[in-house]
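S.K.: Structure provided below as structure tokens; questions to follow.
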Amino acid sequence: MGKVNYFLTEEQQMIVDLARQIAEEKIVPVRAELDEKEEFPWQIMKDLAQADLFGLYIPEEYGGLGGGCFENCLALEQLAWGCIAVTTTYAASALGGYPILLFGTEEQKSKYLPDIASGKKLAAFGLTEANAGSDAGAIQTTAVEDGDYWVLNGTKQWITNGGEAEIYTIIALTDKHKGPRGASAFIVEKSDPGFSFGKKERKMGLRASATRELVFNDCRIPKDRLLGRRGQGFIIAMKTLDLARPGIGAIGVGLAQAALDEAVKYAKQRIQFGQPIMSFQAIQHMLADMATQIEAARALVYSVARTIDAGEKDIAKLAAMAKLFATDVAMKVTVDAVQILGGYGYMKDYPVEKMMRDAKILQIYEGTNQIQRNVIGQALNKEYTIKK
Amino acid sequence: MRFVVCIKQVPDAASVRFDPEKGTLIREGVDSIINPFDLNAIEAAVQLKEQVGGEVICISMGPPQAEAALRDALALGVDSAVLLSDRAFAGADTLATTRTLAAGIKKLGGADIVFCGKQAIDGDTAQVGPGLAARLGLNYATCVSELEFKAEENILKVKRAWEEGYDILELKLPALLTVLTCINTPRVPSLKGKLKAKKAKIPVWGTNELGLDASLVGLSGSPTQVVTTCVPKFEAKREILEGEVDDQVNALVERLKEVGIL
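The listed protein sequences correspond, in order, to chains Y and E. Numbering-wise, our numbering puts 288 at position 186 of the first sequence, and it's gapless, one number per residue. Numbering-wise, our numbering puts 10 at position 9 of the second sequence, and it's gapless, one number per residue.
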């Protein structure tokens, strides 16, 4: 029925079908209430754990399914079709898990990855601070050696799953004067002494997702919690974000698709001037542009994800493009969906106003779309520099 | 312990349409699903296995495509599955169906507990569960809304729901239960389960394997037959009773007496 053939394997189609089943049966029926009450989606996280979806990207030896970026994107797209607040909760656990997978010692991987893969524990990623958003280098949280411990001091801001996750990957300064090599990554557990949480933030959208400050007050963690080598902190953060960005693109595609589905359904049954508004060119043209942009965004996200899985190392520009384009599409499509539903679109009884409120964050988190453009521009500059 | 779950593949009621001219269901393009009550039966069996150990075997009597339903069941925590399929089984009413299912369960070596859904959403008779219990000589309870297994005493304690409340029954094993949808929330399938299900071997047993006489199963073995299916036409008169509530009540009572209901 007019769908692009992406030649999915049977296993990949299983992931799509399962994630879609969960979206339809478990997410859609509760998304409005979770949004209204700002309620953490624990039951859906349990369902995702039961479905083995937390372990998609984790190797089999740690209890996962050994899938890649593309498998992740397939699941994220279908779950996002349900609700992106729920999907962000699920995806943020991968953001906390990826650094351990990429840079952890064998002991660290064996200790933490199985619980993350089984969904028994959620993870989170802590980089952003009040004075360090796009300017990640301006972080001020410090980690100081003290005998057999590291002692962390500082505050992280706007951390997804803050307070609900049990495993946190934190980027902190270990050598303030070493610039790009001045930070290191650490694994902090919820129960570590000196680690507490701020209040839950009240947000425009993504309200079912828990966003909190992480407060480190002489937080003592054992030496073996250093992730990777001292000074690798910013590299670990960047590599993690590069891998996660196509996933955010996939979330954008799923959200945009959900908005389009609502808009077309509505336009077909809304009668004005004696006919369905679907018969008016103004509506058809809007829907046509929405649908075409979604196909383009999907194709870009899928291509980038597959390129990453094929082993391409130079992925920063591509990941940025996938995130940038698909999230800009999601914002435009959700706004247009509200417009097509008109007055009904503005009412909370209909799902599109939430989709529009939710969409905005996609252009902001995991690197603002301005930062994505910086990354792409700088990559172009490098690529076109003629080497002598 | 061995738990057997009987399931049926049915058309997805949400997408079935009716052809009023022919008086039949339009089945083309309609998805086939596991009968919803049977999903609860599977979940109950798997939960019990997780509690006390053992194996869960799923069986189904159906055409070859019912194998897909059995594979879906395998992805939900069922350990193995068997398809009872033979041209001779087609057209079976519930009597013939229970004969076939009972033969299948006997060939498996019996069960400690047989789980069934209360009824299939296409036939809606709710007869197969009790019929099967009778053939296998099992204690049984239908319309089960809650169950508890008391392992030390080997007793099932269940709530059997009826219109005005529920009974609490205790059944000695072996036993058969038919369950309601309120008894549990079926889990979502797991990816590992789906991958395992894809590779699983599902044996197919026909009249030969089950040692059944073809005249006693399927249409030949069915004392009842579906002759026609039709959509009832509703032609109702409508009258609105005016006045105060007491007047309305009196007028309603008069009407009901007039038509012989009171």
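All C-beta atoms, glycine included, are put in the ideal place defined by N, C-alpha and C.
1. Under 7 Å Cβ-Cβ, which residues of chain Y neighbour Pro37(E)?
2. Grab the span of the alpha helix (DSSP H) containing Asn251(E) for me, first residue to last.
3. Since Gln10(E) is in the beta strand (DSSP E), which residue starts that stretch and which ends it?
4. Output needed in chain order: residues of the segment 166 to 190 of chain E with a Cβ under 7 Å from some Cβ in chain Y.
5. Helix or strand or just coil, what does DSSP make of Met306(Y)?
6. Locate the alpha helix (DSSP H) running through Ser405(Y), then write down its first and last residues.
7. Give the residues of chain Y in contact with Lys193(E), contact being defined as C-beta atoms less than 8 Å apart.
8. Could you check whether Lys128(Y) and Val189(E) sit closer than 8 Å to each other, using their CB atoms as the reference points?
9. Does the Cβ of Glu236(E) have 16 or more other Cβ atoms within 10 Å, making it buried, or fewer, making it exposed?
10. Assign Asp32(E) to one of three DSSP states: helix, strand, or coil.
11. Taking Cβ positions, are Lys456(Y) and Gly284(Y) nearer each other than 8 Å?
12. Is there a Cβ of chain Y sitting closer than 8 Å to that of Leu49(E), yes or no?
13. Please specify which runs of the beta strand (DSSP E), each continuous and at least 3 residues long, are wholly inside the segment 70 to 137 of chain E, giving them in chain order.
14. Does the segment 237 to 248 of chain Y come into contact with the segment 189 to 207 of chain Y, if we say contact requires no fewer than three beta-carbon pairs (one atom in each stretch) closer than 8 Å?
15. Do the segment 328 to 348 of chain Y and the segment 417 to 424 of chain Y make contact, defined as three or more Cβ pairs closer than 8 Å?
16. Could you tell me which chain E residues have their CB closer than 8 Å to the CB of Leu120(Y), listed as they occur along the chain?
17. Whose C-alpha, out of Asn155(E), Ile241(E), Lys107(E) and Ser221(E), is nearest the C-alpha of Arg88(E)?
18. Quick one: grab the DSSP three-state call for Lys202(E).
19. Please confirm whether Lys128(Y) has its beta-carbon closer than 8 Å to some beta-carbon of chain E.
20. As a quick exercise: from Gln474(Y), Arg322(Y), Glu303(Y) and Thr244(Y), pick the residue whose alpha carbon is nearest that of Arg332(Y).
21. Since Tyr164(Y) and Leu215(Y) are thought to touch, with beta carbons under 8 Å apart, how far apart are those beta carbons, to the nearest angstrom?
22. So for Ser195(Y), helix, strand or coil by DSSP?
23. Grouping DSSP H, G and I as helix and E and B as strand, with all else coil, what is Ser191(E)?
24. Label Glu179(Y) either buried or exposed according to how many other C-beta atoms from any shown protein chain fall within 10 Å of its C-beta, with 16 as the threshold for buried.
25. In its own chain, which residues sit with a C-beta less than 8 Å from the C-beta of Leu110(Y), not counting the 5 before and 5 after it?
26. Closer than 8 Å is the cut-off here; do at least three beta carbon pairs connect the segment 358 to 378 of chain Y with the segment 402 to 409 of chain Y?
27. Spell out whether any CB of chain E is found under 8 Å from the CB atom of Gln123(Y).
28. Do you know whose CA, among Phe90(E), Cys231(E) and Leu192(E), lies nearest Arg18(E)'s CA?
29. Can you check which of these residues, Val253(Y), Arg408(Y) and Met380(Y), is closest to Ile442(Y) by C-alpha distance?
30. Among the candidates Thr186(E), Leu217(E) and Pro233(E), whose CA atom is the shortest distance from the CA of Phe38(E)?
31. When you compare the segment 116 to 127 of chain E with the segment 161 to 181 of chain E, are there three or more beta-carbon pairs, one atom per stretch, that lie closer than 8 Å?
32. Determine the contact status of Lys58(E) and Ile8(E), defining contact as a CB-CB distance below 8 Å.
33. Taking Gly124(E) as the reference, give the member of Glu149(E), Ala93(E), Glu154(E) and Leu109(E) with the closest Cα.
34. Under a CB-based cut-off of 8 Å, is Asp363(Y) close to chain E?
35. Relative to the C-alpha of Gly330(Y), which residue among Phe299(Y), Met116(Y) and Leu203(Y) is closest?
36. Excluding the 5 residues flanking Gly184(Y) on each side, which residues of the same chain have their C-beta closer than 6 Å to its C-beta?
M.R.: Answer, in terms of the structure:
1. Listed along chain Y is no residue with a C-beta nearer than 7 Å to that of Pro37(E); the closest approach is about 12 Å.
2. Going by DSSP, Asn251(E) is part of the alpha helix (DSSP H) stretching over Val246 to Glu259.
3. Gln10 to Pro12
4. Flagged, chain order: Arg188, Val189 and Pro190.
5. coil
6. Gln383 to Asp411
7. Per Cβ cutoff of 8 Å: Asp154 and Leu167.
8. yes
9. exposed
10. coil
11. No, Cβ-Cβ distance for Lys456(Y) and Gly284(Y) is not below 8 Å.
12. no
13. 81 to 85 and 114 to 118
14. no
15. yes
16. Per Cβ cutoff of 8 Å: Val189, Pro190, Leu192 and Lys195.
17. Ser221(E)
18. coil
19. yes
20. Thr244(Y)
21. 4 Å
22. helix
23. coil
24. buried
25. Around Leu110(Y): Val118 and Leu176.
26. no
27. Contact with chain E is found for Gln123(Y), since one of that chain's Cβ atoms lies less than 8 Å from the residue's Cβ.
28. Cys231(E)
29. Met380(Y)
30. Thr186(E)
31. yes
32. For clarity, residue 58(E) is Ile in the given sequence; the question names Lys instead. Contact: no.
33. Ala93(E)
34. no
35. Leu203(Y)
36. Close CB contacts of Gly184(Y) within its chain, under the 6 Å cut and outside five residues either way in sequence, are with Ala125, Ile129 and Val130 (chain order).
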